[in-house]
Structures are given as structure tokens and as C-alpha cells.
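Protein chains: 2
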Amino acid sequence: MAVSALAGLAAQLPDGVVVTDPDILASYRHDRAADPAAGMPLAVVRPTRTEEVQTVLRWASANRVAVVPRGAGTGLSGGATAVDGGIVLSTEKMRDITVDPVTRTAVVQPGLLNAEVKKAVAEHGLWYPPDPSSDEICSIGGNIATNAGGLCCVKYGVTTDYVLGMQVVLADGTAVRLGGPRLKDVAGLSLTKLFVGSEGTLGVVTEVTLRLLPPQPSACTVVATFDSVEAAAGAVVTITGRIRPSMLEFMDAVSINAVEDKLRMGLDRSAAAMMVAASDDRGPAGAEDAEYMARVFTEAGAKECFSTSDPAEGEAFVAARRFAIPAVEAKGSLLLEDVGVPLPALAELVGGVAKIAADRDLVISVIAHAGDGNTHPLIVFDPADAAMTERAEKAFGEIMDLAVSLGGTITGEHGVGRLKKPWLAGQLGPEAMELNRRIKAALDPDGILNPGAVI
Amino acid sequence: MAVSALAGLAAQLPDGVVVTDPDILASYRHDRAADPAAGMPLAVVRPTRTEEVQTVLRWASANRVAVVPRGAGTGLSGGATAVDGGIVLSTEKMRDITVDPVTRTAVVQPGLLNAEVKKAVAEHGLWYPPDPSSDEICSIGGNIATNAGGLCCVKYGVTTDYVLGMQVVLADGTAVRLGGPRLKDVAGLSLTKLFVGSEGTLGVVTEVTLRLLPPQPSACTVVATFDSVEAAAGAVVTITGRIRPSMLEFMDAVSINAVEDKLRMGLDRSAAAMMVAASDDRGPAGAEDAEYMARVFTEAGAKECFSTSDPAEGEAFVAARRFAIPAVEAKGSLLLEDVGVPLPALAELVGGVAKIAADRDLVISVIAHAGDGNTHPLIVFDPADAAMTERAEKAFGEIMDLAVSLGGTITGEHGVGRLKKPWLAGQLGPEAMELNRRIKAALDPDGILNPGAVI
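Quick mapping for you: the protein sequence lines, in order, are chains A and B.
For the first sequence, the working numbering assigns the number 472 to the last residue and increments by one with no breaks.
For the second sequence, the working numbering assigns the number 472 to the last residue and increments by one with no breaks.
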């Protein structure tokens with residue numbers, strides 16, 4: 018049935034939009050979470066226009082076929098894992114952008130990469146702040162789906178803070194316009210905000226209107242190393258209570274050494290923690306902030322502390338921080354965590370992760386957007402070693418349990434997807450879970466959108 | 018039936034929570050929108066705790082009694098207009114606040130006034146940015162309900178940008194905790210954001226967790242007067258494309274003269290427009306911004322331009338701007354508009370309002386959060402003059418139609434309430450309206466929460 022119905026869908030769409038080549042299908046089964054439970058899709062559909070997305074969803078609703086929306090496939094929680102007999106709806110070919118420097122907005126299709134959006138708006142002297150470390154490979158549609166964060170979010174906020182409006186196609190194929198290039202608009206419920214972070218479970222976003230800022234001023238950067246995680250974490254709380262850094266990043270001993278193995282920058286291999294902090298406040302204010310952060314780091318017991326107002330020099334340390342994930346990945350496969358806690362619990366979280374690593378006989382490196390309390394424990398394992406893989410999976414859950422026990426979240430910016438779904442109820446509680454289900458049922462009563470993800 | 022049922026409710030609550038004194042009931046029929054269609058409530062309920070709100074809503078659901086949530090009653094769109102035979106649920110006695118300087122958050126009950134929140138957090142060296150002009154009289158719960166804005170929002174964003182979590186009681190009495198003191202959290206749908214701006218139609222917020230910032234730096238202020246609205250509006254677009262002012266406010270000739278009538282500050286009575294702009298970037302950057310804005314104003318043809326880095330001197334002009342509504346109110350009753358447009362349409366909107374005023378033989382003054390494209394046309398009328406009142410009401414609708422025709426919104430920060438409801442569909446279109454209705458039905462299937470408001 019489904020295959021003959023599929024011919025009916027293909028007939029309604031331009032040639033090449035519906036793909037059934039088995040090799041291609043196989044390449045769309047996973048995102049970067051590499052979920053071993055991924056199914057085999059019936060087809061991959063790569064539309065270029067909103068109307069084509071509507072056609073797909075009308076067809077899927079009529080035929081009760083599951084649709085997994087997919088951006089660039091860089092998701093880390095299995096939000097785009099294919100399901101057996103379903104459609105993977107990839108937005109990769111929807112790549113238009115129109116920048117309006119007068120309203121300081123850009124209207125963007127979801128398939129454009131984050132870095133491409135940044136580049137296109139920079140040509141008009143403007144800036145799109147959210148900066149996931151994966152900005153060169155992740156799509157703006159995926160960023161919307163997960164409400165992605167990044168390094169500058171400690172000062173500039175996350176994706177949702179920059180989404181003024183969107184066009185979204187609902188499960189039944191209805192296209193809805195929400196919001197627009199208006200900086201303040203409270204007419205009706207805050208539906209734009211509801212779709213941001215909904216991980217493809219409520220609709221397929223086919224166009225977004227992004228708010229842009231004037232260019233980011235150049236930053237003063239401070240790097241400090243510490244003998245203890247607690248000292249570094251304590252400094253974070255002191256700093257954010259007083260000033261607004263534009264970056265406040267943490268690396269632990271494992272990631273410092275992994276980066277040093279690769280980049281040979283002369284990082285202190287004996288340090289327990291390294292902070293990379295910056296202030297982009299203009300003029301002497303940025304230097305004052307840097308001086309203040311250096312003083313706080315020193316008073317917190319920093320082993321070494323280095324400040325620079327040279328953007329290239331500062332960028333080298335930011336690059337080191339951004340390189341931490343690939344560097345640790347060189348040691349084995351990674352289960353990449355994304356837990357967050359209220360700021361004062363940061364040291365306890367990092368300490369707890371170290372204990373889990375010791376108990377499970379694993380290497381777990383922690384890097385963190387420390388100023389947001391959002392950490393990325395990187396669990397290193399060898400997928401060929403079944404016992405180790407099992408220990409890694411156990412540790413993955415234990416880290417989430419730990420974060421929740423500290424008043425934290427199982428995901429700060431990557432999303433719940435399929436990998437973290439078993440832990441969602443433990444964080445939200447039954448009432449909030451039920452509220453999630455009610456909204457889902459109201460918008461997608463047949464449950465065809467991204468079934469198995471989140472809720 | 019309802020009255021005997023009411024005795025059942027009163028029996029479940031502490032003495033004094035349920036009020037039925039007719040004089041008191043009468044005082045809760047209206048908010049500041051003074052909707053003539055206001056009904057007479059069965060009772061006013063003034064709970065102090067979440068559990069009491071749950072009791073009220075469980076009872077209301079069981080008895081199918083309408084509940085109108087009410088903050089401080091300062092709403093301008095009739096969002097808290099009482100309905101016949103319903104309950105007014107006032108949060109005015111829920112006034113607790115706990116500030117946590119370490120996480121830079123405050124947990125606040127909804128009845129606290131905006132200015133009281135600001136004061137309480139300032140005692141811990143922190144700042145809650147959203148600053149509606151009514152900050153001395155409006156409650157934080159009302160701010161959440163309307164997603165209130167203010168003067169500093171052009172740089173610092175609106176209420177939703179500062180709400181990290183909440184406790185909300187649903188129509189059936191279920192209390193749900195959403196979010197919390199975590200700066201990044203994408204676990205589950207963005208429900209916190211959905212409740213912000215929902216105007217009491219989806220639930221009653223009984224507690225919010227607010228994100229706080231370090232104190233606002235002192236600002237440099239620039240005041241300029243113009244012979245034409247277009248010149249002032251053009252300067253706004255130039256400025257916001259290049260820098261991030263912390264305030265960018267507009268007053269027209271009517272409001273300049275109304276303020277001057279009262280304050281005798283020596284404002285230029287012959288000016289067609291006055292801009293009050295500020296930058297709070299620290300150190301010389303703020304002064305540089307002020308110099309830049311002064312240059313833009315001058316090049317745009319400003320008649321006079323005055324800059325100051327003296328906070329008291331700057332504050333006098335901000336106070337003049339804040340005083341514009343009471344000053345214009347001295348001329349008669351006001352219908353207070355809240356339309357917004359994309360920035361380039363600002364001059365056209367203001368010009369169109371002047372045309373409506375001329376056509377309808379009315380005085381309409383326009384003040385605006387110009388940097389956000391959010392304007393407040395103030396329609397002056399005499400309620401004792403039936404023909405004039407009718408012309409004012411016609412103008413009220415025509416201004417919304419004009420804003421929508423310019424790609425704008427019928428409300429930037431005050432909410433739809435009951436007064437603007439007839440124009441909502443014209444802005445949102447049938448698909449978005451249907452989506453609003455689906456969410457409402459999912460959360461409040463019996464429609465007991467704020468019936469007649471918004472949707």
C-alpha cells in the first residue's frame with residue numbers, strides 16, 4: 018500500500034523531490050546521534066518550497082505515514098532518526114535568504130547553515146548572534162527545532178530570542194504564518210515561541226524571520242587555569258553576578274589535554290580546569306571587564322591567567338575551546354551530553370560526573386558554557402566493546418539523573434530527541450508531561466510528525 | 018444555583034478570600050480600559066497561595082463558572098473586564114518575592130508590582146529590565162499576561178525574555194511547574210513561553226522565576242526636535258541599523274505641548290516631533306553613541322539637538338516622555354492605542370493617524386517606542402459627547418486597520434483583551450486564528466478561563 022501511495026506523492030511533486038534509492042535512504046537513517054534503533058524510511062523527500070512541504074504533509078496525513086523532519090542531520094539527540102516505513106523530510110534544499118537591513122531582519126529558509134546566515138547578514142553589516150560550535154555544519158532550521166544555543170548566548174541569548182516570525186506547515190498540510198518583522202507583537206498566543214524548540218513534533222518550519230543586531234564589537238579575552246574545578250566554577254558565579262561577559266567557557270583536564278595533543282598551543286596539561294572568558298563591551302569597558310575577570314580568577318586561585326585585547330590572539334583560545342569536541346572524539350566514539358544546572362551547582366555537577374566516570378571506568382571529559390550552567394560531558398567509548406558501550410550508556414543516564422537531582426535539565430540546547438526521551442518525565446513531572454501531550458495532540462492528532470521523539 | 022455553589026467555594030478557602038460585597042464587586046468590574054460592556058461578577062476571589070487558586074479553578078470547572086484573572090487592574094485592552102456571573106480572580110494578595118543573587122533569579126508571586134520587583138532585586142545589586150511606563154502601578158503577573166514591554170526593551174527585550182519558569186494553574190485546577198532557574202533548558206515544548214502573553218486564557222500564573230541582570234549602567238541622553246515626523250522616523254532607522262540604543266522614544270506635537278502645558282520645561286512647542294534617545298553602553302562608548310545619534314538627528318534636519326551625560330538631566334527628559342500619557346489625558350478621556358509596524362513604516366503610520374484624526378475631527382496624539390516600531394496613538398474624546406465617542410471608537414478601529422495594512426500589529430505590548438478582539442483575525446488570518454483556538458481548546462476545553470478575551 019505505502020509504496021503505491023508513494024508513487025502518488027511523487028506524481029504531485031517535481032522530479033527528484035522524492036528519493037527512494039536505497040543507498041541514499043540509508044544515508045538519511047541517522048543524525049549525529051547514530052541511534053542504533055534507527056529505522057529504514059520509505060522515502061526521503063527534499064522539497065524546495067512551502068507548497069511542496071504542504072503536499073508531503075497532506076499526503077502523509079491521508080496515508081497515516083510518519084514524517085521525520087530533518088535539517089542538516091547534525092542533531093545530537095536523535096531528533097532526526099528515521100522511523101521504519103516513514104518519510105524523512107529534509108529541508109536541505111530550502112536555502113533562500115533575503116536580508117532587509119532597514120528592518121534589521123532576514124527571511125530565511127530552514128536549510129541554510131547557521132554560518133551561511135551569519136555570512137549573508139554580515140554582507141549587510143549585520144550580525145545573527147546564536148553560535149553553536151557546529152555553526153559551519155548545522156542548519157538554521159535545526160537550530161529553530163532545538164532552540165540552539167552557543168558560546169555568545171551567555172550575553173546574547175539563544176535562538177528563540179532572534180525568531181520574530183515563521184511560516185510553519187502543520188501535520189494536516191495547513192501552512193500558517195506567525196509573527197513577522199515586528200520587534201514587538203503580542204497579538205494572539207505566543208505561537209512562534211511554541212514552535213521554536215519543538216523538534217519537529219508540531220510542524221515543519223519552512224521560513225523564519227530572524228532579528229539581527231549591529232555587528233558584534235571586538236572582544237577582550239581572558240584565559241585562566243585552575244588546580245580545581247570548584248575554584249573555576251566559583252569564579253563563574255562571582256563574575257556573572259557583577260558583569261555581562263560575552264563568553265564564559267570551561268574545559269576540564271581531559272579536554273585541555275585532548276586539545277593540546279592536537280594543537281600544541283602550550284596549554285597547561287597539569288591544570289584541572291581552564292576558563293576562556295571574554296567581554297565585548299566597547300572601548301575601555303571591555304578591557305575593564307577583562308581586568309575584573311582576571312582579578313576574580315586570580316582571587317579564586319588561578320594557576321595562570323592571561324588577558325589579551327588582540328582579537329586574533331583571543332580567537333586562538335576560543336578556537337581551542339571549539340576544537341574540544343573533535344579533539345576528545347579522537348580518543349574514541351562519544352556519547353555527547355548536554356545537561357545544565359543552576360549556576361551554583363556547576364562544581365557539584367562536574368564533580369559528580371567525575372565520580373560516575375570513575376565508577377563506570379570511563380573517560381568522561383566535561384566542557385561547558387559555564388556562564389549558562391550548560392555542560393557537555395563527553396563520554397568516550399569504543400562501540401566494538403559491548404561491555405564498555407553498556408557502561409557508557411549507563412553513565413549517559415546517570416549524568417542526566419544527577420543533573421535533575423541538582424535542579425537541572427537533561428538538555429540545555431541539543432534537544433530531547435529520541436536518546437533523552439526516557440529521562441524527560443523525570444525532569445518535567447507528570448503534570449508538565451501531560452501538558453506537552455495535550456499540545457501535541459491538539460496540533461498533530463494522528464501523531465504523524467516525528468513519532469517517537471520528545472513526547 | 019451559582020450562589021449556593023459559591024458558599025461551597027467560600028467554605029473551602031480562608032475567611033475573606035471570597036468577597037461578595039456589591040461595592041467591592043463593582044470596583045472589580047473594569048480594568049483601565051473601562052469597557053462599557055463589563056459584566057457584574059458573582060464574586061471576587063483574592064487568594065494568597067497556589068493551592069487556593071487550585072481550589073478556585075477546580076470549583077469553577079465543576080460548576081462551569083467563568084474566571085477572569087486579574088493583576089493590578091491596569092490593563093488597557095479590557096483583558097480583565099468582569100463577565101456576568103463569573104469570578105474575578107485577583108492575584109493582588111500574592112506578593113512574595115525571594116531573590117537569589119547567586120543564580121541571579123527572583124521567584125515572585127504575581128501580585129507584586131513591577132516597580133516593587135525592581136526595588137527588591139536592586140537591594141541585591143541586580144536589575145529586572147522590563148519597564149512599562151506604568152511600572153509603579155502594574156503587577157508582574159499582568160506583565161506576564163500581556164508580555165509587557167517598555168522603554169528599555171529596544172535594547173533589553175520584553176517580559177518573555179526574562180521569564181525562566183513559572184507555576185501555573187490550569188482551568189481544571191492542576192498546578193504545573195514549568196522551567197526554573199536554569200538559563201538554558203530545552204527539555205520538552207517551550208511551554209513557559211506559551212503562557213507568557215496568553216492574557217489569562219490558558220491558566221493562572223501563581224509564581225514566576227525571573228532572570229535578572231547586573232545593574233544598568235548610567236546612560237547618555239540625546240534629545241532632538243524636528244519640523245517633520247518623517248525626519249525623526251528616518252533617523253530611527255539609521256540609528257538602529259548601526260548601534261544599540263537603550264532608549265529611542267518619540268513624541269508628537271500634541272504630546273510635546275501637553276507635557277509642556279504641565280511641566281513648563283521649555284520644550285519647543287512648535288516642533289512636529291521630539292526624540293528622546295539614550296545609550297547605556299559603558300564608558301566613552303555611551304558618549305560616542307550619543308554623539309552618533311546627535312549627528313544622525315542633525316543630518317536628518319533636527320531643529321535643536323541636546324546631549325547630556327548627566328543622569329539627572331537625562332532623566333528629566335525621560336520623565337517628560339513618561340508623563341506624556343497623563344499630560345494628554347488632561348485634555349479628555351483617552352482611547353489608548355498600541356499598534357506597531359516594521360520600522361520603515363513608522364512615518365507612514367504616524368502620518369496615517371494624523372489623517373484619521375483630521376477625518377474624524379479628533380485630537381490624536383502619538384507617542385512611540387520608536388526603536389521597536391511600537392506606537393501609542395492617544396485618542397482624546399469626551400465620553401459625555403456621544404457623537405464624539407462614536408468617532409473616537411471608529412478611529413480606534415481605523416488605526417488598527419492602518420497598522421495591519423502596513424504589515425504591523427494591532428498590539429505591541431498591551432494585549433488584545435476584549436477591546437481589540439474584533440481586529441485580531443484581520444491581523445492573524447484564519448489559519449493562525451484556528452491554531453490559537455486549538456491550543457485554547459486543548460488547555461481549557463470548557464472555556465472557563467477569561468471567556469470573551471483574545472480568542
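Ideal Cβ placement from N, Cα and C applies to all residues, glycine included.
Only residues of its own chain outside the window of five on either side were considered, and among them A89, T91, L130 have a CB closer than 7 Å to the CB of A/I154, listed in chain order.
Nearest Cα to B/G388 within the set B/S287, B/V253, B/M291, B/T108: B/V253.
A/L351 and A/V397 have their alpha carbons spaced roughly 5 Å apart.
Cβ contact annotation for A/Y309 (same chain, cutoff 8 Å, sequence separation greater than five): I256, R259, I260, in chain order. Neighbourhood of A/T191 in chain B, by CB distance below 9 Å: E448, E451, L452, in chain order. Interface with chain B (7 Å Cβ-Cβ cutoff): A/R259 is included.
The shortest CA-to-CA distance from B/Q184 to any of A/N467, A/L460, A/L452 is the one to A/L452. B/W144 sits close to B/Q233, with the two beta carbons spaced by under 7 Å. B/V239 counts as buried, since at least 16 other C-beta atoms from the protein chains shown sit within 10 angstroms of its C-beta.
In the three-state scheme derived from DSSP, where H, G and I count as helix and E and B as strand, B/R228 is classed as strand. Taking C-alpha positions only, B/V85 is separated from A/P147 by approximately 39 Å.
Straight-line spacing of the CA atoms in B/S245 and B/V100 works out to 45 Å. Between A/P127 and A/V222 the beta-carbon gap is near 6 Å, inside 8 Å, which marks them as a contact. Think of a sphere of 8 Å around the beta carbon of B/G357: the chain A residues whose beta carbon falls inside it are R199, L200, K201, D202, in chain order. Just so you know, the alpha carbons of A/G217 and A/P462 end up roughly 14 Å apart. By the criterion of at least three beta-carbon pairs nearer than 8 Å, the segment 208-215 of chain A is in contact with the segment 158-169 of chain A.
The count of Cβ pairs closer than 8 Å, one atom from the segment 96-113 of chain B and one from the segment 74-85 of chain B, reaches three, so the stretches are in contact.
By the criterion of a C-beta distance shorter than 6 Å, B/T325 is surrounded in its chain by T238, G331, once the five residues flanking it on both sides are discounted. When secondary structure is reduced to three states using DSSP, B/V73 falls in the helix class.
For the pair B/A347 and B/P58, the Cα-to-Cα distance works out to about 31 Å. Taking 7 Å as the cut-off, the Cβ atoms of B/P262 and A/R199 do not count as close.
In the structure shown, A/T392 adopts extended strand secondary structure according to DSSP, grouped into three states.
Taking a Cβ-Cβ cut-off of 9 Å, the neighbours of B/A458 in chain A comprise A459, given in sequence order. The shortest CA-to-CA distance from B/G197 to any of B/A43, B/V125, B/I472 is the one to B/V125.
Look at A/A302: its C-beta is under 7 Å from a C-beta on chain B.
In this chain, A/V82 is not harboured by any alpha helix (DSSP H), its DSSP state being neither H nor E.
Contact of A/Q444 with chain B is assigned, a C-beta pair being separated by under 7 Å.
A check of alpha carbon separations from A/T115 across A/L227, A/Y45, A/G158 identifies A/L227 as the nearest. Taking 7 Å as the upper bound on Cβ-Cβ separation, chain B lies near residues G424, G425, T426, I427, T428, G429, E430, G432, V433 of the segment 423-437 of chain A. The three-state secondary structure of A/S156, taken from DSSP, is strand. Residue-level contact check: A/P361 touches chain B, since one or more beta carbons of chain B fall below 7 Å from its beta carbon. Distance from B/L211 to A/L206 at the Cβ level is roughly 7 Å; contact confirmed, criterion being Cβ atoms closer than 8 Å. Note: A/V383 is bridge-paired with A/P394 in the DSSP secondary-structure output. From the beta-carbon of A/G174, the residues of chain B found nearer than 9 Å are G174, D178. A residue is called buried once 16 or more other Cβ atoms fall within 10 Å of its Cβ, and B/E140, having fewer, is exposed. Under the three-state reduction of DSSP output, A/L436 falls in the coil class, being neither helix nor strand.
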